[in-house]
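These notes are about the structure you will find just below.
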Amino acid sequence: MSLLELHAVGKRFGGIVANQEVSFQVDTGQIVGLIGPNGAGKTTAFNCVAGYYAPSAGVITLAGKTISGLPPEACARAGVGRTFQVARTFTSMTAAENVLAAALLHHKRVATAREQAARWLAFVGLERLAERPAGSLTISEQRRMAVARALATQPKVLLMDEVMAGLNPTEVREMVAVVLRIRQLGIACLIVEHVLEGIMPIADRIVVLDRGIKIAEGTPAEISSDAAVISAYLGDE
Amino acid sequence: MNGKSSTLALGSAAALLVAIALPFVIGDASRLNLLILVLMAAQLGVAWNLIGGYAGQVSLGHAAFYGIGAYTSTLLLLKFGINPWLGMFAGGVIAALLSLAFGWSCFRLKGHYFAMATIAVAEIVQIVFTNWDYGGAAVGLTIPMTHDGWAWMVFPDKRPYYWIALGLLVLTLAATAIVERCHVGYYLRALKDEPDAARSIGIDITRYKQIALSLSAFFTALGGSFYAQKELYIDPGSVLSTALSIKMALVSILGGIGTLFGPVVGAVVLTTIEELTRAGFGGSGRGTDTIIYAALIIAIAVFYPGGLIGGYRAWAGRRSSRRTARGYEPQAAVHGEAHARDEALR
Chain A
1 MSLLELHAVG KRFGGIVANQ EVSFQVDTGQ IVGLIGPNGA GKTTAFNCVA
51 GYYAPSAGVI TLAGKTISGL PPEACARAGV GRTFQVARTF TSMTAAENVL
101 AAALLHHKRV ATAREQAARW LAFVGLERLA ERPAGSLTIS EQRRMAVARA
151 LATQPKVLLM DEVMAGLNPT EVREMVAVVL RIRQLGIACL IVEHVLEGIM
201 PIADRIVVLD RGIKIAEGTP AEISSDAAVI SAYLGDE
Chain B
1 MNGKSSTLAL GSAAALLVAI ALPFVIGDAS RLNLLILVLM AAQLGVAWNL
51 IGGYAGQVSL GHAAFYGIGA YTSTLLLLKF GINPWLGMFA GGVIAALLSL
101 AFGWSCFRLK GHYFAMATIA VAEIVQIVFT NWDYGGAAVG LTIPMTHDGW
151 AWMVFPDKRP YYWIALGLLV LTLAATAIVE RCHVGYYLRA LKDEPDAARS
201 IGIDITRYKQ IALSLSAFFT ALGGSFYAQK ELYIDPGSVL STALSIKMAL
251 VSILGGIGTL FGPVVGAVVL TTIEELTRAG FGGSGRGTDT IIYAALIIAI
301 AVFYPGGLIG GYRAWAGRRS SRRTARGYEP QAAVHGEAHA RDEALR
């Protein structure tokens, strides 16, 4: 049994099929990349796992328990952490308070949550910006803060939605280092990514979606030579 | 940070002592009455701020809770001879319970639609009381002055009312300060800033909005019961009107929403202007005070979107940034102002 399992997950919006029969697994301590061209249904699959959408078909389990259909807050409690494409920073708070608010999920005492927050901010390398208003951080810093915030909920699996989009090469390297450290903690990572240079070297496995359907799955090396993937990205001749 | 909060505590204690002693210095009944009006407006603003400011759910129906407080204590007193202190508490509890229905129906909606729904709910409550014979209908209810003194919260002299109003304000401020510092305070700010992100960190946003609303309803109702005991007369127009709901929101918005003392500042400014314009333009000039009132609100919305407290913070921030060449604080101030502006535009 894998940690996170998607069994034939489907999602329709009226007549539009965003996901159809999508199945894959993520194991503890694994980094799985979810890639595909624009409109492939990556974010939809992601939102189904995190509880933002209830799948129209199929089942999603986390550590053997069904989580599909649960609201996002219940998924978070069950152990699904996530970040968003835009950082969705709590702008009325400092960076430390952003993470503190998340740490309160398992530590209701504010003082304890504050210690946890400091720990996670240090983990992503933002300890010296802890007392800064969160909205004043750069995009790259806000992304890492969002990762710290998600980690503070003590997830079993962390979903990251395009955490590397729009970052410069140095910032991509910093983020890659953070993701590798997360894997060392034994947390599974599912990463939706457009920046293939960022995800290919670090992923243990890649799942490729196109038009809502899984067209390939394998190691990064297998995926980069897969004919179906190449035609999905570059088009047929 | 510790030094700053102990200075604040010391300052608050000193201000409280001055406030308690004030009625001994001010003999003039009409001036004392103005102070009572300020305290009452401040208490309602602070109570409204819990849901409207901290949780960011702008309610324009809070008169419903105020009226329920006023009617509960008055009906319990008139029909069953129940002591108004007990009645006041009962009113708070009933308002908090009714806020569950209020929240259940209104929290499905967001932003402007939520505000509109709250107006509708308050209108319904007003219509019910206007037509309910047992509750005095449109004629209202009069509290007889048969017993007076502290036990029955009826006084020929204004001073005890002042102290009770002050006590209610302090109580509401204390509750808000506790909420602000515990996990609920962080959760409210989170769900106000980014509801989707708040859910991703495990916050049941409807539940926490409801907690804020119930607390807000409870304290608003206490204010309503107090009003009934002070005026000894209530009717739907005086305790359930939409104008009253709007005033509760205004006091808070004017002073600075989501800040502990913002509504107090707002109440001082708003009540003073109200009374000055009313006195200055005479009884027949009732329209004039409303015009000035409205002009002021527009001015504040344009120039100080973060309210008077937000405006002060931005100003203080700019000053300190001129003094200290570099550092984190100036950035904090600029950020605070930008945030306030975003907030106003939302």
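Quick note, the sequences are listed as chains A and B, same order. Read in my numbering, the first sequence has 211 at position 211, and its numbers run on one by one without any break. Read in my numbering, the second sequence has 164 at position 164, and its numbers run on one by one without any break. C-beta atoms are modelled at their ideal positions from N, C-alpha and C, and glycine is treated no differently.
Beta-carbon proximity list for residue i, same chain, < 7 Å, skipping 5 on both sides
i	result
leucine 129 of chain A	Ala95, Leu137, Glu141
arginine 261 of chain A	Since the first and last residues shown for chain A are 1 and 237, residue 261 of chain A lies out of range.
valine 195 of chain A	Met164, Ala165, Val172
asparagine 98 of chain A	Thr89, Phe90, Ala134, Met145, Arg149
isoleucine 292 of chain B	Ile273, Thr277
leucine 270 of chain B	Ala41, Leu250, Val251, Leu254
valine 268 of chain B	Val38
alanine 26 of chain A	Note on residue identity: the sequence assigns valine, not alanine, to residue 26 of chain A. So the list reads Ser2, Leu3, Leu4, Val32, Val157, Ala188, Leu190, once near-sequence residues are dropped.
Sequence-distant residues of the same chain with beta carbon closer than 6 Å to residue i, five excluded per side
i	result
methionine 200 of chain A	Pro220
alanine 113 of chain A	Leu100, Ala103, Leu104, His107
isoleucine 26 of chain B	Leu32
valine 124 of chain A	Arg144, Val147, Ala148, Val178
glutamine 20 of chain A	Gly10, Gly212, Ile213
Residue range of the unbroken alpha helix (DSSP H) whose run includes residue i
i	result
histidine 183 of chain B	183-193
valine 176 of chain A	169-184
glutamine 43 of chain B	29-49
threonine 61 of chain A	Per DSSP, threonine 61 of chain A belongs to no alpha helix (DSSP H); it is in the beta strand (DSSP E), 57-62.
valine 139 of chain B	Unbroken run through valine 139 of chain B: none, as it is neither H nor E.
valine 93 of chain B	84-106
Own chain residues within Cβ distance below 8 Å of residue i, not counting five before or after
i	result
histidine 339 of chain B	Note on histidine 339 of chain B: pLDDT 49, under 50, position unreliable in the model; no value is reported.
glutamate 231 of chain B	Ser238
valine 110 of chain A	Leu100, Leu104
tyrosine 233 of chain B	Gly140, Leu141, Thr142, Ile143
alanine 87 of chain A	Ile139, Gln142, Arg143, Met145, Ala146
glycine 149 of chain B	Phe155
alanine 54 of chain A	Cys48, Ser68, Gly69
Under the three-state DSSP convention, the category residue i falls into
i	result
histidine 112 of chain B	helix
isoleucine 230 of chain A	helix
proline 201 of chain A	coil
glutamine 154 of chain A	coil
aspartate 161 of chain A	strand
aspartate 210 of chain A	strand
leucine 60 of chain B	coil
valine 154 of chain B	strand
valine 9 of chain A	strand
threonine 74 of chain B	helix
arginine 149 of chain A	helix
glycine 52 of chain B	helix
threonine 94 of chain A	strand
arginine 143 of chain A	helix
glycine 149 of chain B	strand
arginine 88 of chain A	coil
Residue interval of the beta strand (DSSP E) (run including residue i)
i	result
serine 2 of chain A	Looking at the DSSP string, serine 2 of chain A is not in any beta strand (DSSP E), and its letter there is neither H nor E.
lysine 214 of chain A	213-218
leucine 190 of chain A	188-192
alanine 240 of chain A	Residue 240 of chain A lies beyond the residue range present for chain A, which begins at 1 and ends at 237; the question has no answer from this structure.
Proximity test, Cβ basis, 8 Å: residue i and chain C
i	result
arginine 181 of chain B	Among the protein chains in the structure shown, which are A and B, there is no chain C.
Could you run through the stretch 103-120 of chain A and flag, in chain order, every residue whose CB is less than 7 Å away from some CB of chain B?
Leu104, Leu105, Lys108, Val110
Report the residue ranges of all alpha helix (DSSP H) runs contained in full by the stretch 220-291 of chain B; include only those spanning at least 4 residues, in chain order.
DSSP runs (the alpha helix (DSSP H)) wholly in the stretch 220-291 of chain B: 236-239, 242-255, 262-280.
If the cut-off is 7 Å on Cβ atoms, which residues from the stretch 152-167 of chain A count as contacting chain B, listed in chain order?
Thr153
Give, in chain order, every residue of the stretch 78-96 of chain A whose Cβ lies closer than 9 Å to some Cβ of chain B.
Val80, Gly81, Arg82, Thr83, Phe84, Ala87, Arg88, Thr89, Phe90, Thr91, Ser92, Met93, Thr94
In chain order, which beta strand (DSSP E) runs of at least 3 residues are fully inside the stretch 97-141 of chain A?
none
Which residues, in order along the stretch 197-208 of chain B, keep a beta-carbon less than 7 Å from a beta-carbon of chain A?
If the cut-off is 7 Å between Cβ atoms, the stretch 197-208 of chain B has Ala197, Arg199, Ser200, Ile201, Gly202, Ile203, Asp204 near chain A.
What runs of the alpha helix (DSSP H), each 4 residues or longer, lie entirely inside the stretch 28-80 of chain A?
42-50, 72-78
Taking only beta carbons into account, state which residues of the stretch 177-201 of chain A come closer than 9 Å to chain B, listed in chain order.
Along the stretch 177-201 of chain A, none of the residues has a CB nearer than 9 Å to a CB of chain B.
In the stretch 34-61 of chain A, which residues sit with their C-beta less than 9 Å from some C-beta in chain B, listed in chain order?
Ala50, Gly51, Tyr52
Quick one, which residues of the stretch 285-304 of chain B are near chain A if we go by CB-CB under 7 Å, in chain order?
none
Selection of the stretch 148-160 of chain B by Cβ proximity to chain A, strictly under 9 Å:
Answer set for the stretch 148-160 of chain B: empty.
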